[in-house]
Amino acid sequence: MNRTPFQKTVLITGANRGIGRAIVECAADRGAARIYAGVRNLDSANELVEHYGSLVQPIQIDLDTPDTIEAGARQATDAEIVINNAGIMHITSPFDDDAVPLLNREFQVNVVGLLQMARAFAPVLRANGGGAFVQLNSVASLRATSAFSTYCASKAASYSITQSLKDQWAQQGTHVVSVHPGPTQSDMGSAAGFDEIATPAADVATALFDAIDAQVFHAWVGPLAELVSHSYAEFSQTVIEGDMRALREQAFS
Numbered sequence: 001m002n003r004t005p006f007q008k009t010v011l012i013t014g015a016n017r018g019i020g021r022a023i024v025e026c027a028a029d030r031g032a033a034r035i036y037a038g039v040r041n042l043d044s045a046n047e048l049v050e051h052y053g054s055l056v057q058p059i060q061i062d063l064d065t066p067d068t069i070e071a072g073a074r075q076a077t078d079a080e081i082v083i084n085n086a087g088i089m090h091i092t093s094p095f096d097d098d099a100v101p102l103l104n105r106e107f108q109v110n111v112v113g114l115l116q117m118a119r120a121f122a123p124v125l126r127a128n129g130g131g132a133f134v135q136l137n138s139v140a141s142l143r144a145t146s147a148f149s150t151y152c153a154s155k156a157a158s159y160s161i162t163q164s165l166k167d168q169w170a171q172q173g174t175h176v177v178s179v180h181p182g183p184t185q186s187d188m189g190s191a192a193g194f195d196e197i198a199t200p201a202a203d204v205a206t207a208l209f210d211a212i213d214a215q216v217f218h219a220w221v222g223p224l225a226e227l228v229s230h231s232y233a234e235f236s237q238t239v240i241e242g243d244m245r246a247l248r249e250q251a252f253s
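Below, the structure is given as structure tokens:
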């Protein structure tokens, strides 16, 4: 695929490591005009600033702290692409003693945090011509496993929110991308024991920017996610990306 520098201003949450850092690197390679590196601790972005200089501007955004999200939106008023990469994962099965508090924690960050990011940055994107909003979901959004049950539940919920954003933001010209990686090389992937089968984080970054370029909703990354997408394709095209009003009329006519 031929890629031209997009000269866009990009904001990335969880930008200091793993997939987030790979997204920063990819955005810089593709000619971003400015990169807001959203991090919980501003000092954690020092290495990025040392490497990229004034291209990278650290900004404090903690998905568990709504005030930082709102302040971030007030600061990054020129953001044209918002990439919500940050999230948390616990290894928890339904009957573990801590399943309920960990479920609440994952929903607070992975779902409520997404919703608060969307609400805060919707007017920013609208003011800047629509732009794009990218949500890092997962292959776990579609298929739960018992060892990661609460995480899978949170990612299924974040996928639902992402679908709603796609429909509602079409009115303001904001392109929404739902990214679904399989096991990925990151701290989270290592904690889950996926190092031997993990896809490079750079592949996730490449896929999401390619999805923005191609104006598609889903980005499937890695062998597992791509295999799942083949079985999911018809349902996705008809239901997820289809016209629900037309489906209702067909069902009840």
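The sequence shown begins at 1 in the UniProt record's numbering and counts up by one. Backbone N, C-alpha and C fix where the C-beta goes; we use that ideal spot for every residue, glycine too.
Item	Value
Inter-stretch contact (C-beta, 8 Å, three-pair minimum) for the stretch 93-105 and the stretch 73-85	no
Inter-residue spacing [alpha-carbon to alpha-carbon] between residue 182 and residue 138	6 Å
Contact under 9 Å by Cβ, residue 11 with residue 121	yes
Neighbourhood of residue 52 by C-beta distance below 8 Å, restricted to the same chain and skipping five residues each side	24, 28 and 35
Check whether residue 93 and residue 154 have beta carbons under 9 Å apart	no
Cβ pair count under 8 Å reaching 3, the stretch 219-232 against the stretch 159-173	no
Buried versus exposed call for residue 2 [16 or more other C-beta atoms within 10 Å across all chains shown]	Only weak support is given to the placement of residue 2: the predicted model assigns it a pLDDT of 43, under 50, and the value that follows is read from those uncertain coordinates. Exposed, because fewer than 16 other Cβ atoms sit within 10 Å of the Cβ of residue 2.
Residue(s) in a DSSP beta bridge with residue 220	180
Residues near residue 274 in its chain [Cβ-Cβ closer than 8 Å; skip 5 each side]	Nothing can be reported for residue 274, as the shown portion of the chain is limited to 1 through 253.
Beta-ladder partner(s) of residue 53, from DSSP	Answer is none; residue 53 lacks a bridge partner.
Beta-ladder partner(s) of residue 39, from DSSP	60
Coil, strand or helix - residue 4 by DSSP	Low confidence applies here, because residue 4 scores a pLDDT of 48, under 50, leaving its location unreliable; read the following figure in that light. Three-state result, residue 4: coil.
Residue range of the alpha helix (DSSP H) that includes residue 136	From DSSP, residue 136 is part of no alpha helix (DSSP H) but of the beta strand (DSSP E) over 132-136.
Limits of the alpha helix (DSSP H) - the one that residue 115 falls within	113-127
Sequence-distant residues of the same chain with beta carbon closer than 6 Å to residue 22, five excluded per side	201, 202 and 205
DSSP-derived helix/strand/coil call for residue 81	strand
Endpoints, the beta strand (DSSP E) within which residue 11 is located	9-13
Length of the line joining the Cα atoms of residue 70 and residue 252	43 Å
Burial state of residue 58, where buried means 16 or more other Cβ atoms lie within 10 Å	buried
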